[in-house]
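Each protein sequence line maps, in turn, to chains A and B. Just so it is clear: in the first sequence, position 222 is 204 by my numbering, and no numbers are missing. Just so it is clear: in the second sequence, position 29 is 11 by my numbering, and no numbers are missing. Glycine included, C-beta positions come from ideal geometry on N, C-alpha and C.
2 protein chains.
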Amino acid sequence: MKLTILGCYSATPRISAHTTSQVLESRGHVFLIDCGEGTQMELRKHKVKFNQIKHIFISHLHGDHCFGLIGLISTFRLLNRETDLHIYGPKGIKELIMLQLKLSKSWVNFNLIFHELKSSDSELVFEDDKIEVHTIPLDHRVYTNGFLFKEKPFDRKLLVEKAEARNIDVAYYRKLKQGHDVMNNDGVLISNTDVTTQGAISKSYAFCSDTAYNEAIVPLVKNVDVLYHESTFLEAHADFCAKTKHSTAQQAATIAKKAAVGTLILGHYSSRYTDLEEFKSEASAVFEAVVLAKDGLTLSI
Amino acid sequence: MKLTILGCYSATPRISAHTTSQVLESRGHVFLIDCGEGTQMELRKHKVKFNQIKHIFISHLHGDHCFGLIGLISTFRLLNRETDLHIYGPKGIKELIMLQLKLSKSWVNFNLIFHELKSSDSELVFEDDKIEVHTIPLDHRVYTNGFLFKEKPFDRKLLVEKAEARNIDVAYYRKLKQGHDVMNNDGVLISNTDVTTQGAISKSYAFCSDTAYNEAIVPLVKNVDVLYHESTFLEAHADFCAKTKHSTAQQAATIAKKAAVGTLILGHYSSRYTDLEEFKSEASAVFEAVVLAKDGLTLSI
């Protein structure tokens, strides 16, 4: 997996502080997560090929997470896109986009497929043979979901020379890659581990923005390799969290610790802070493996 | 008048090619004209004080002219704006903005006053004692208006020493500034030109984007000091104009010539062109005083 942070600030976009948007590349997919105003320009800056984006996940309908969506869809149209586009987001998102297309008489010539979400339980919203995506219900001022991206197990790596030496018919190679023991041409059962080694390791990424401190998500993000958890405030301003339903860096770290994740990424910083290192210090006191999101940051997972 | 071009390109915003938005400063007003995606960031870059913008004019509901509006309104709200905001634009603009505010549960705490336009005739849409703003009906794929900003006559400059020497009561100074002759304390009629000189000269600016070649606008923009007229294409691609209802640089210059304007500004260039000087050459062959719009360009009118 490769994660690119296009924007990681809250509220209003500024020239060098873009609002939330991320690109997650995983097993041939290019997923766009949230789409603040100006996201299409950040996509160009990071040379993300527009046509490879087939699934867009919108956490909630606050502007700093979705105001760039209609512009991106319109640009897809102007570029004569033909590829289907799936949009996952809160109920209402379809009405919002369709009204804008109607008023501008700009009907798209590709399939625009909305998957409107309204459940307060985690749901499987996308699945193919390589990855599954689940919602993570969050606790915010409006209906909000995080998203969990979970790669399915990779095939085991077949050691072809060893398989040949053991006289296994090539028809069984697929089963071997899937981890099964197989019978060879001499009627002998060959143990899978004799002719395969561990394939690539499946990774998982959980995106959680925006939310108040919410332990209910812990089982959902348990053991993920990387958790992005919003930290709009520092503990010094913890009282703002109740009203705005956001989290502090310490709270994000507490979730990371309870869920035993690999790495925690912090982001969605309030513009009141100039020194982001304070977020890292605060979170690190609770959970060690902390990374600060920055616009343009790329991480291999 | 001072005009700042925030963005002057058509279709989709790119990192160094912003879609249409302009700021016109005139006699204490700061008017925003069109509002493509990312306009709020360009306003910050050019240090335009958000609170001074009280009137926003939207020509039409294509994305490259209006997708930044909801973000700007949301930012005004986050900055705790209290000043009234007037929005002039095609019918539908209110529904569009209100739906987005509703879905994000983000009601503004200032008066948001929509002036929805639907007439195909030129209308006076704003007027105070210093300036008037009229619509300029344009010919585009969707309902579109340009806008004519016309300063009212400035007061004449009173030569106080001369007025005193002629024994004129100060109560008449206002009438003198307005250009009237007045009776002095000795019952003698004093000619206005004896005690005043010409005040500042009223200016006018016409914004016309987007439109097919349309001679019907000539009487409306007659003799304006500056005309911005879109030139999406060069004559080499004039055949695109019929389908897209845009103009060529030559057509824009023809309108400028017929209307005997002071200066023509070209803009709304298609991204197919890399050398914008060709627009200038093409237009200059018809009408001499041509300026190429560029993002960030500021002009005194």
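Identity of the residue in the options nearest residue i by Cα
i: I75/B; options: L43/B, E64/B and L67/B; result: L43/B
i: I183/A; options: H116/A, C190/A and V206/A; result: V206/A
i: N166/A; options: K100/A, Y187/A and K144/A; result: K144/A
i: K239/A; options: E197/A, I55/A, A218/A and D137/A; result: E197/A
i: T21/B; options: T57/B, A265/B, T230/B and G10/B; result: T57/B
i: R9/B; options: S3/B, M23/B and L(-15)/B; result: L(-15)/B
i: N127/B; options: E270/B, A234/B, A188/B and E133/B; result: A188/B
i: D103/A; options: V30/A, S88/A and Y125/A; result: Y125/A
i: L6/A; options: V243/A, L209/A and T236/A; result: L209/A
i: G18/B; options: K29/B, K27/B and C(-10)/B; result: C(-10)/B
i: H97/B; options: L281/B, K36/B, L279/B and I(-3)/B; result: K36/B
i: V203/A; options: A218/A, K185/A and K157/A; result: K185/A
i: I38/A; options: F261/A, Q4/A, N174/A and L258/A; result: Q4/A
i: C48/A; options: R26/B, K100/B and Q82/B; result: Q82/B
i: D137/B; options: T178/B, S101/B, R59/B and D168/B; result: T178/B
i: L140/A; options: T175/A, L60/A and N62/A; result: T175/A
Cβ-based burial, residue i [other Cβ within 10 Å; buried from 16]
i: M91/A; result: Here the sequence assigns Asn to residue 91/A, which means Met is not the residue at that position. Under this definition N91/A is an exposed residue.
i: T256/B; result: exposed
i: H0/A; result: buried
i: A234/A; result: buried
i: L106/B; result: exposed
i: G192/B; result: Correcting the residue identity first, residue 192/B is Asp in this sequence and not Gly. Buried, by the Cβ-count rule.
i: P(-5)/A; result: buried
i: G71/A; result: buried
i: E24/A; result: buried
i: M80/A; result: exposed
i: A241/A; result: buried
i: Q232/B; result: buried
i: H162/B; result: exposed
i: L246/A; result: buried
C-alpha distance - residue i paired with residue j, whole-angstrom precision
i: C211/B; j: I40/B; result: In the sequence as displayed, the identity of residue 211/B is His instead of Cys. When rounded, the distance between both Cα atoms is 15 Å.
i: G45/A; j: S(-8)/A; result: 10 Å
i: F222/B; j: F215/B; result: 8 Å
i: Y155/A; j: K276/A; result: 44 Å
i: F131/A; j: Q34/A; result: 17 Å
i: E114/A; j: S253/A; result: 34 Å
i: P119/B; j: H68/B; result: 20 Å
i: I15/A; j: L248/A; result: 15 Å
i: H122/B; j: F129/B; result: 15 Å
i: A271/B; j: V243/B; result: 9 Å
i: H28/A; j: G278/A; result: 8 Å
i: V170/B; j: E109/B; result: 37 Å
i: L94/A; j: D66/A; result: 6 Å
i: Q180/B; j: L158/B; result: 11 Å
i: S173/B; j: I283/B; result: 31 Å
i: A265/B; j: E77/B; result: 39 Å
i: A267/B; j: V273/B; result: 13 Å
i: H116/A; j: E133/A; result: 11 Å
i: I(-3)/A; j: R26/B; result: 8 Å
Residue i at chain B interface by Cβ criterion, 8 Å
i: G244/A; result: no
i: R(-4)/A; result: yes
i: S191/A; result: no
i: L60/A; result: yes
i: H44/A; result: yes
i: S86/A; result: yes
i: E212/A; result: no
i: E98/A; result: no
i: L78/A; result: yes
i: Q82/A; result: yes
i: A(-7)/A; result: yes
is_contact[residue i, chain A] using C-beta, thresh 8 Å
i: R148/B; result: no
i: G50/B; result: yes
i: G20/B; result: yes
i: D41/B; result: The sequence given here has Ser at residue 41/B, not Asp. With 8 Å as the cut-off, S41/B does not count as an interface residue toward chain A.
i: A241/B; result: no
i: V124/B; result: yes
i: S56/B; result: yes
i: E64/B; result: no
i: G74/B; result: yes
i: A145/B; result: no
i: G53/B; result: yes
i: Q160/B; result: no
i: A224/B; result: no
i: A194/B; result: no
Q) Using a beta-carbon distance cut-off of less than 8 Å, what residues from the stretch 6 to 33 of chain B approach chain C? A) Chain labels in this structure do not include chain C; the protein chains are A and B.
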